[in-house]
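What follows is a short report on a single structure.
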Ligand code: SAH
Ligand code: SF4
Ligand code: F3S
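Residue numbers (my numbering): 7 to 441.
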């Protein structure tokens, strides 16, 4: 039977969120409608993530849970990075899976759904460069802050990471397609666009770089804010840094993962930058945009990491004074070079290091938030808060800010930041700027 309703569940990074939105638009264009819950849907798409441990096991148990009490089940499509990594094996491991579709092939879903409706179990993990973007319908719906993938894939091959295998080689979308999609999103209500890429600052088209793209998008008058993520330190060009000092719409926030503060570990990770090189980039960024909020990713317990290496990571956290950061225990991924390296770090040591690192990161986050108390700024309202009359928006520095207001999602307010918590701020409205 051909499904009439669908539910998409996305896990992992922002690119999976973007992909989930595009799949929803694609299925809607085919005449299907979204269901509120997986239980009510004829088709469930699990848009999976493979980045850390037990990702595949988690995906199979999520599949198992889609079986209903009466023994029935929806049509199940395994999508995303686990689908790419597992391929046809997924069908053997779970009889419940009807469709296996990788992150570069999901524009073919309508055809695969038709095949599955006839009893076939299609698998598509091809990686045809860019063809999914060409096949997707134009943008019709957008949140106040909307994602836009401009670059996908990775050629960096950090020794711990699966992304080069699940997302394929680095490719950049064409300039004009990005501008068209950005205009579509703004027409559909987006006030902020977040440009996405696994190495977004490696974006290039026809001699143009990300800084040029940002300057061009800033010309869209109804677009108020531009962000981009995730950047790689080696692709952080002087032009992009300069744009932070010159383009008002480019928000003062940079997510620039360093992973470790130890040069020995950075080398073993194949990161192709040193701690000093990273700090020099941060310094340049701070001279271009003194109030920049910095964010990063860290891995503790990479094979061979000593107490001294870990101390170097704590030190770089203190030097950068991150406004926020993500930290993870190293997770051995089958097929990656680090998985077979000697001196894998015992779990208890990783646990202890993660706790110490997170405490240090949190202290800097609290200090950053406190430094903004009393500051007048603008807030982009994104959603309702927990209390009646309360809304949540984002400051330019990407802090979540709670505010009592009658304003709606998409409005931009003049606020004073009046209080700081560890994970969010409180704001007081000064006046309403043009809606
Ligand atoms: N392209 C981005 C993000 C990749 S995945 C970048 O290079 O920064 C997001 C984060 O997951 C990484 O920055 C890294 O900190 C973490 N990560 C990736 N593989 C991991 C692994 N095997 N174990 C633990 N953390 C990992
Ligand atoms: Fe993974 Fe490294 Fe590529 Fe980031 S740069 S996606 S961590 S291989
Ligand atoms: Fe996960 Fe794939 Fe993103 S592995 S982090 S969903 S690129």
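Cβ atoms here follow ideal geometry from the backbone N, Cα and C, with glycine treated the same way.
Delimiting residues of the beta strand (DSSP E) encompassing residue i
i           : result
residue 155 : 151–155
residue 86  : Careful: residue 86 lies outside any beta strand (DSSP E), inside the alpha helix (DSSP H) at 86–92.
residue 138 : Looking at the DSSP string, residue 138 is not in any beta strand (DSSP E); the run it does join, the alpha helix (DSSP H), is 137–141.
residue 166 : It is not in any beta strand (DSSP E) - residue 166 carries neither H nor E in the DSSP assignment.
residue 384 : 382–390
residue 332 : 330–335
residue 234 : 231–235
residue 201 : 198–202
residue 105 : 105–107
residue 398 : 396–400
Option nearest residue i by Cα separation, candidates the options
i           : options               : result
residue 164 : 265, 368, 250 and 89  : 265
residue 431 : 416, 380 and 413      : 380
residue 292 : 64, 392, 328 and 411  : 328
residue 258 : 227, 136 and 404      : 404
residue 66  : 49, 40 and 96         : 96
residue 443 : 235, 171 and 326      : This structure cannot settle anything about residue 443, because the visible part of the chain is limited to 7 through 441.
residue 108 : 303, 56 and 71        : 56
residue 114 : 94, 149, 311 and 129  : 129
residue 239 : 154, 182 and 287      : 287
residue 191 : 273, 31 and 425       : 31
residue 384 : 436, 393 and 220      : 436
residue 340 : 41, 332, 16 and 60    : 60
residue 6   : 283, 275 and 277      : Only positions 7 to 441 of the chain appear in this structure, which leaves residue 6 out of reach.
residue 220 : 234, 213 and 212      : 234
residue 189 : 241, 260, 152 and 277 : 152
residue 51  : 41, 12 and 253        : 12
residue 49  : 116, 86 and 89        : 116
residue 84  : 76, 63 and 75         : 63
residue 410 : 397, 402 and 401      : 397
residue 275 : 298, 241, 254 and 311 : 311
residue 158 : 145, 174 and 148      : 174
Burial state of residue i (16 or more Cβ within 10 Å)
i           : result
residue 237 : buried
residue 230 : buried
residue 346 : exposed
residue 352 : exposed
residue 227 : exposed
residue 104 : buried
residue 186 : exposed
residue 10  : exposed
residue 7   : exposed
residue 25  : buried
residue 344 : buried
residue 205 : buried
residue 359 : buried
residue 86  : buried
residue 18  : buried
residue 78  : exposed
residue 138 : buried
residue 213 : exposed
residue 401 : buried
Boundaries of the alpha helix (DSSP H) in which residue i is found, first to last residue
i           : result
residue 100 : Taken as a continuous stretch (DSSP letters only), residue 100 belongs to no alpha helix (DSSP H), as it is neither H nor E.
residue 14  : Careful: residue 14 lies outside any alpha helix (DSSP H), inside the beta strand (DSSP E) at 11–16.
residue 118 : 115–123
residue 186 : 181–193
residue 172 : 169–172
residue 216 : 216–223
residue 354 : 353–377
residue 69  : 61–70
residue 246 : 244–252
Proximity below 8 angstroms, CB of residue i to CB of residue j
i           : j           : result
residue 305 : residue 267 : no
residue 366 : residue 315 : no
residue 300 : residue 256 : no
residue 249 : residue 217 : yes
residue 178 : residue 156 : yes
residue 387 : residue 395 : no
residue 434 : residue 421 : yes
residue 246 : residue 207 : yes
residue 364 : residue 309 : no
residue 28  : residue 142 : yes
residue 427 : residue 150 : no
residue 106 : residue 93  : yes
residue 494 : residue 378 : Outside the displayed span of the chain (7 to 441) sits residue 494, for which this structure offers no information.
residue 80  : residue 120 : no
residue 53  : residue 14  : yes
residue 224 : residue 200 : no
Proximity test, Cβ basis, 8 angstroms: residue i and chain B
i           : result
residue 388 : Of the chains in the structure shown, none is chain B; there is only one protein chain.
Note down, one range per segment and in chain order, each beta strand (DSSP E) of at least 3 residues found wholly within the stretch 257–316.
259–261 and 299–306
Please go through the stretch 19–57 and give each complete alpha helix (DSSP H) segment of 4 or more residues, from N-terminal end onward.
20–35
List, from N- to C-terminal side, the beta strand (DSSP E) runs of 3 residues or more that fit wholly inside the stretch 410–439.
418–426 and 430–438
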